[in-house]
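Residue numbers (the numbering used here), protein chains in the order written: chain A, 8 to 124; chain B, 1083 to 1193. Positions of the beta carbon are idealized from the N, C-alpha and C atoms, including for glycine. Here is the structure we will look at.
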């Protein structure tokens, strides 16, 4: 099992460009979470998705940010018209079950470091 | 929604001493409390977790305690070693809810 895979590891964008961050959950995991981490700060919840459904996007900015987790393929976090303040590490995590089930453990990917010039 | 507070933000101890990190949560429905360790530039790794039907759990030098009445839980590391130096995050989640993290504690163990 390769674990949670995120790519790219590093992403550099100029202001106004689009950033697409990918996350492939662990095999058999159907729940994906995205977190943002600013330098020297904690992990901030952004969005929780299951296959083809957004369950909770309360932590995601209303504008410019979107996320999806299609039936086939990785989960995508998309940031349109990036600004300098979007520079951060974005971590994806996956879980096999909805929390409250037999195994609630969250497994993290290595993160994508987004730098906006 | 859930709000998790974590203290202290930084902690420096001498090798061999104990370290204690404390967290409080707001949602009384929360019933799962994991702790993550994040080394510089790496992903958060689960080190220990506790469920609300248990008051204390221990794994070698690491222990976690939970006080549901007061809505706080703590991480205890005994006989600290330099390799324990990292940022530690507490988290809380309730059934059918999302995991929310504390702001983190940067632990430095001085040799």
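Check, Outcome
"Name the chain A residues whose beta carbon is nearer than 7 Å to that of residue 1083 of chain B?", "65"
"Could you work out which residue in B/1153, B/1125, B/1096 and B/1113 is closest to residue 1169 of chain B when comparing CA atoms only?", "B/1125"
"Residues of chain B with CB under 7 Å from residue 97 of chain A, in chain order?", "Neighbours of residue 97 of chain A on chain B: none; closest Cβ ~12 Å, over 7 Å."
"Could you check the C-alpha separation between residue 76 of chain A and residue 59 of chain A for me, to the nearest Å?", "5 Å"
"Closer than 7 Å by beta-carbon distance: list the chain B residues that pair up with residue 49 of chain A, in chain order.", "1171, 1183, 1184, 1185 and 1186"
"I'd like the list of long-range same chain contacts for residue 1095 of chain B, defined as Cβ closer than 8 Å, with 5 residues on each side in sequence excluded.", "1101, 1162, 1189, 1190, 1191 and 1192"
"Give the DSSP-derived three-state secondary structure of residue 27 of chain A in the structure shown.", "strand"
"Indicate whether at least one CB of chain A lies closer than 8 Å to the CB of residue 1143 of chain B.", "no"
"Any beta carbon of chain B sitting closer than 8 Å to that of residue 9 of chain A?", "no"
"Of the residues A/9, A/11, A/33 and A/29, which one's Cα is nearest the Cα of residue 145 of chain A?", "Any answer about residue 145 of chain A is impossible in this case: the structure gives chain A only from 8 up to 124."
"Within a Cβ cutoff of 6 Å, which residues of the same chain sit near residue 1114 of chain B, ignoring the five residues on either side of it in sequence?", "1133 and 1175"
"Does the structure place the stretch 76-93 of chain A close enough to the stretch 16-33 of chain A that three or more beta carbon pairs sit under 8 Å?", "yes"
"If the cut is a Cβ gap below 9 Å, which residues of chain A does residue 1128 of chain B touch?", "112, 113, 114 and 115"
"Using the C-alpha atoms, what's the distance from residue 115 of chain A back to residue 1129 of chain B?", "13 Å"
"Per the DSSP calculation, residue 1109 of chain B is bridged to which residue(s)?", "Answer is none; residue 1109 of chain B lacks a bridge partner."
"Quick check on DSSP: helix, strand or coil for residue 1164 of chain B?", "helix"
"Please report how far the alpha carbon of residue 1087 of chain B lies from the alpha carbon of residue 1159 of chain B, in whole angstroms.", "19 Å"
"On the DSSP letters alone, give me the boundaries of the beta strand (DSSP E) that residue 1153 of chain B sits inside.", "Taken as a continuous stretch (DSSP letters only), residue 1153 of chain B belongs to no beta strand (DSSP E), as it is neither H nor E."
"Would you call residue 1164 of chain B buried or exposed, if buried means 16 or more other Cβ atoms sit within 10 Å of its Cβ?", "exposed"
"Identify whether residue 71 of chain A lies in helix, strand or coil by the three-state DSSP scheme.", "coil"
"Classify residue 1188 of chain B as helix, strand or coil using the three-state DSSP reduction.", "strand"
"Look up residue 12 of chain A in the DSSP assignment and give the residues it is bridged to.", "A/31"
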